[in-house]
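Participant: My structure is below; once you've seen it, I'll send some questions.
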Amino acid sequence: MDEFSLAELSERLKEIRESKGEMSLRKFCQVYDLNASVWSELERGIKRQLYVTHLANLALKFDVSPTWLMFGRGEKTLSGMNLAGMKLSERNKQ
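The opening residue of the sequence shown carries number 21 in my numbering; numbering runs sequentially from there.
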């Protein structure tokens with residue numbers, strides 16, 4: 021079983037923010053309707069109370085795999101994930 025690492029999650033969250041372009045943390049949080057102080061704590065690895073539902077919501081908001089977000093493995097994007105033998109993009113066509 022994979023171990024969850026807050027430090028590694030912090031790096032992945034920072035990667036997500038930086039992939040969205042050159043904007044301050046405050047502007048990023050305004051654009052994506054996030055709490056800036058909570059996001060900052062998560063990026064710095066000091067947020068101690070974290071719920072799986074919050075991680076799942078972030079994964080959906082940024083189109084990343086929850087497994088990648090939490091553990092850093094597997095497909096990074098949801099659109100690349102295989103769901104029941106089909107890529108997500110193929111399922112949406114049906």
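We put the CB at the ideal spot given by N, CA and C, even for glycine.
Around the C-beta of W59, are 16 or more other C-beta atoms found within 10 angstroms, so that it is buried, or is it exposed?
Facilitator: buried
Participant: Just the C-alpha distance for V72 and F24, rounded to the nearest angstrom, thanks.
Facilitator: 11 Å
Participant: For L89 and R64, I'd like the C-alpha separation in whole angstroms.
Facilitator: 15 Å
Participant: S30: which of K67, H74, E42, N55 sits nearest, CA to CA?
Facilitator: K67
Participant: Can you find the residues in the same chain that come closer than 6 Å, C-beta to C-beta, to A27, ignoring five residues on each side of it along the sequence?
Facilitator: G65
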